[in-house]
Amino acid sequence: YINDLEKQGEIIYLQTIQGGNPEEIKNWIINQYNNGAKGVIFIGNIPVAWAEVSNDIFPCDLFYMDLDGKWGDNNNDGVYETHENGQGDMGPEIYIGRIYTDTLNYDTEINMINEYFEKIHSYRNGNLTQNWKSIEYIDEDWFDMNIFMDSIYGENVDRYDYGYETTNEDYLDKLNEGNHFVTVCAHSYSGGHHFGRRPTESVVYAHIYVLCPDSRNAKLLVGCDDGIKIWLNEENIYTNDRTGGWHADQFKIDINLKEGWNKLLFKISQYGGDYQFSSRITDTNFQTYNDLEYQINNPAIYNKTSEYIRSWLINGFHQDNPDNFYNYLNTNYLGHNEGTINPVENEEMGGKIWIRYDSGNPYINLNEINDNLDYGVNYAFASINSSINQDCQLWIGSDDGIKIWLNGNEIFFNNRYGIYQTDIDKINVTLREGENNLVLKISEWMGDHGFSAKFSKINGEKVDGLIYNLKPKPIDYIGTWLLNGVYENNDPTSRLSFDYLGNEELVNPSQNINTSQDKWEFGIGGYPLNIGKFYDKGGWVFSETIQSEDPPVLFYNLFSCGPGRFTDENYLAGAYIYNTTYGVISIASSKSGSMLNFKYFYDPLSKGKKIGEAFIDWFNMQQPFQQWEKEWYYGMVICGDPILDLYPIYNNQPQIKIIKPEEAIYFANNKLSNFIFPVIIGNISIEAKITNPGNGIKNVSFYLDDELISYDESFPYQLLLDKKLFGKKTIKTIAIDQNNNIATDSISIFIMNFDLN
């Protein structure tokens, strides 16, 4: 490693240490800086400097980089709580990079460090390469943020920023295409990225059938984020192409309901951020009707659908130790036999009062009752009279787990942790003639907390002869919907006006009926209906995932909270570059926040500066640091060798390599088996890879026996050879950079390509 650096003209001083503390390490760095040092590489378990910003304690390499600022440990607990200009400023004078594998479990510390040295040796000598292209992979919260990787890679930047399409699976697929540099923006922790699916720059349809006993004038009250277009009985009654947040009853529309079934269709547009919608129908004095019925499925085909239980007795919140989560449902908090209780309103049980909760829509939001408390359970009770003994199903959705008793018998137990999903569990039950008592116990870890429940026939139709002892209040905000989407459109001028369904106003949907984009799906929620959350069914990429996938990527910038927290076991930034084939650098944060203003990092890199030098330039462009900037930036760390740059070999001449065909036999562009030279039967795709861009590739040409066949100005560089050919041929590629430097590569092939028609 030192030999490679010295070949680059660097002067290296090696110091081995044992023990020590941050102050001693920093004094050593100051001495090296005063002797002309530009940067320091920490190899192994060098003492960590801990800092605290806004009650967040984290490893802080800025402490070692800022040599003339003043850092204070006010209570002598080994954590620096304050940072001021001191004798200079708050920015870095020197760069620090960490080659740190102590907390990774993938191999021994020594093996991982030595393998990393071998890898960057190969990179520096031009033997470890990737396509000269980059990816900006932007999850939905930052879909409109500029990353500026084009300052390095020009047109060879693939950007993925549609919120509904940026998924964990897709991210891995894009990594595996082979990239020189990837910037990923995703919510994360030290061990993984989470990719949400909340839609951005898109449209979703919502539909409901409304049964009215007579013809009447009414009011339709609507709230939406962002714009909306509405049809009643196939007539467009309202359009508001806007950008703005949701408020209940923002827009009031005079409507006429006909006797019988009415069709109500909404198209809601979205730019970014929250994606919400609500609607209710009232009389002309804004009073809720008590005689309207709502149905999701086409009444011309389906009978009436089952109704959710919307009035309950609730007892809670019974809070417990967070560590006991999976014991909550098996812990009796009431002091009575839980399954046989028959409470009345205002009765005390388990130190809590049974209160009545009436919901205008199917989802029972327990957070609304509990003031958003975490770690514990709620009980819910309902009494149902059935006119006969009858078999049916109980359809349940819950956040988190749930335990259920019917008439004193435990009928269901799902000790799960996870988000609410409508009707996720369907339980066969028998209702006896007369009174039936239903007890639910719902567990809560953190975040949202609620449930839904209804008795239903297997096909979703209404169970006849049921009366609820707690009579539900009339439906106010419509709480059951059929949703269809997501239709992406980054043109705001046509997003709401474009017809995505073809004769959209004529649709007669039912659940699971397919459209051009997707099927109509059932969703519940009314105040508001959270469309973003409905579609936000995200997934994780963990450190172990990266180790398993071993992506063909060299450089990473992780715009994420926490993956650079190298003191944590199997930290994600380390998983990208250690014990992998390609990864050489991860820029990451050891705390919440990360890099902003990317331009000031990528511009210096585009001019040939080293990773560490560009890191200093970026940091110094951000100071003096306000409090929010400390919260965002103070955990930034370079994982890997900071003396690397983006141009892998000592001279700046471009290099190109033909990577397909290999020495193998191909049939119809598919590799069959290895061989001593390329043998082609049928068509073949010739592919070339830039292994060193020189001063930026201007174009790549393909020649067949010295005849120019194809000319590309941007990645991918490839040629489909589909003409009739027979015999030995020579394929040559010529790459020219912006300074007109030339690189070539050539191969000989034997090809048999006949017109079989």
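Start counting the sequence shown at 2; every next residue gets the next number (our numbering).
Note that the Cβ used here is the ideal one computed from N, Cα and C, for glycine as well.
Item: Please report the straight-line C-alpha distance between residue 531 and residue 322, rounded to a whole angstrom.; Value: 31 Å
Item: May I have a chain-ordered list of the beta strand (DSSP E) segments no shorter than 3 residues that lie completely inside the region 18-88?; Value: 40-44, 51-54, 57-60, 71-73, 83-85
Item: For residue 525 versus residue 361, is the C-beta spacing smaller than 8 Å?; Value: no
Item: If you drop the 5 nearest sequence neighbours on each side, which residues of the same chain put their C-beta closer than 6 Å to that of residue 651?; Value: Annotation note: pLDDT 47 at residue 651 (below 50); position unreliable, coordinate value reported separately. So the list is empty, once near-sequence residues are dropped.
Item: In this structure, does DSSP put residue 651 in helix, strand or coil?; Value: Residue confidence for residue 651 is low, a pLDDT of 47 falling below 50, so the modelled location carries little weight and cannot support an answer.
Item: Quick check on DSSP: helix, strand or coil for residue 8?; Value: helix
Item: What is the residue span of the alpha helix (DSSP H) that residue 606 lies within?; Value: 600-607
Item: On the criterion of 16 or more Cβ atoms from any shown chain inside 10 Å, does residue 345 qualify as buried, or is it exposed?; Value: exposed
Item: Report yes if the C-beta distance between residue 403 and residue 412 is below 8 Å; otherwise report no.; Value: no
Item: On the criterion of 16 or more Cβ atoms from any shown chain inside 10 Å, does residue 227 qualify as buried, or is it exposed?; Value: buried
Item: Excluding five sequence neighbours on each side, which residues of the same chain lie with their C-beta closer than 8 Å to the C-beta of residue 58?; Value: 51, 52, 80
Item: From the DSSP output, in three-state form, read off residue 622 for me.; Value: helix
Item: Which one or two residues does DSSP pair with residue 769 in a beta bridge?; Value: Residue 769 is absent from the structure shown; the chain starts at 2 and stops at 758.
Item: Could you pull the start and end residues of the alpha helix (DSSP H) that residue 411 belongs to?; Value: Looking at the DSSP string, residue 411 is not in any alpha helix (DSSP H); the run it does join, the beta strand (DSSP E), is 410-415.
Item: Between which residues of its own chain and residue 179 is the CB-CB distance below 6 Å, once the five residues before and five after are set aside?; Value: 131, 132, 553
Item: Could you check the C-alpha separation between residue 12 and residue 568 for me, to the nearest Å?; Value: 30 Å
Item: DSSP puts residue 188 in a beta bridge; with which residues?; Value: 195
Item: Nearest CA to the CA of residue 640: which residue from 693, 661, 41?; Value: 41
Item: If you drop the 5 nearest sequence neighbours on each side, which residues of the same chain put their C-beta closer than 6 Å to that of residue 457?; Value: 307, 394, 396
Item: Looking only at its own chain, which residues have a Cβ that is under 6 Å from the Cβ of residue 390, when we skip the five neighbours before and after it?; Value: 433, 434
Item: If distances are taken between C-alpha atoms only, which option among 407, 279, 353, 514 comes closest to residue 481?; Value: 279
Item: Residue 296 and residue 161: beta carbons closer than 8 Å?; Value: no
Item: Rounded to whole angstroms, what's the CA-CA distance from residue 324 to residue 447? Just pull it up for me.; Value: 12 Å
Item: Measure from the alpha carbon of residue 284 to the alpha carbon of each residue in 86, 733, 38, 258, then state which is nearest.; Value: 258
Item: Can you tell me whether residue 329 is helix, strand or coil according to DSSP?; Value: helix
Item: What would DSSP say about residue 495, mapped onto helix, strand or coil?; Value: coil
Item: On a Cα-Cα basis, can you pick out the residue from 270, 625, 222 that is closest to residue 254?; Value: 222
Item: In the DSSP assignment, find the unbroken beta strand (DSSP E) run with residue 452 in it and report its ends.; Value: 451-457
Item: Could you check if residue 623 is buried or exposed, using at least 16 other CB atoms within 10 Å of its CB as the buried criterion?; Value: buried
Item: Work out the CA separation of residue 374 and residue 320 for me, nearest whole Å.; Value: 8 Å
Item: At the level of alpha carbons, what is the spacing between residue 644 and residue 707?; Value: 41 Å
Item: Among the candidates 564, 700, 122, whose CA atom is the shortest distance from the CA of residue 189?; Value: 564
Item: Have a look at residue 134 and residue 30 and give me their C-alpha separation to the nearest angstrom.; Value: 36 Å
Item: On the DSSP bridge assignment, give the partners of residue 160 in chain order.; Value: 137
Item: Only counting the same chain, and skipping five residues up and downstream in sequence, which positions put a Cβ closer than 7 Å to that of residue 339?; Value: 333, 406, 440, 442
Item: Are there 16 or more other CB atoms within 10 angstroms of the CB of residue 244, so buried, or fewer, so exposed?; Value: exposed
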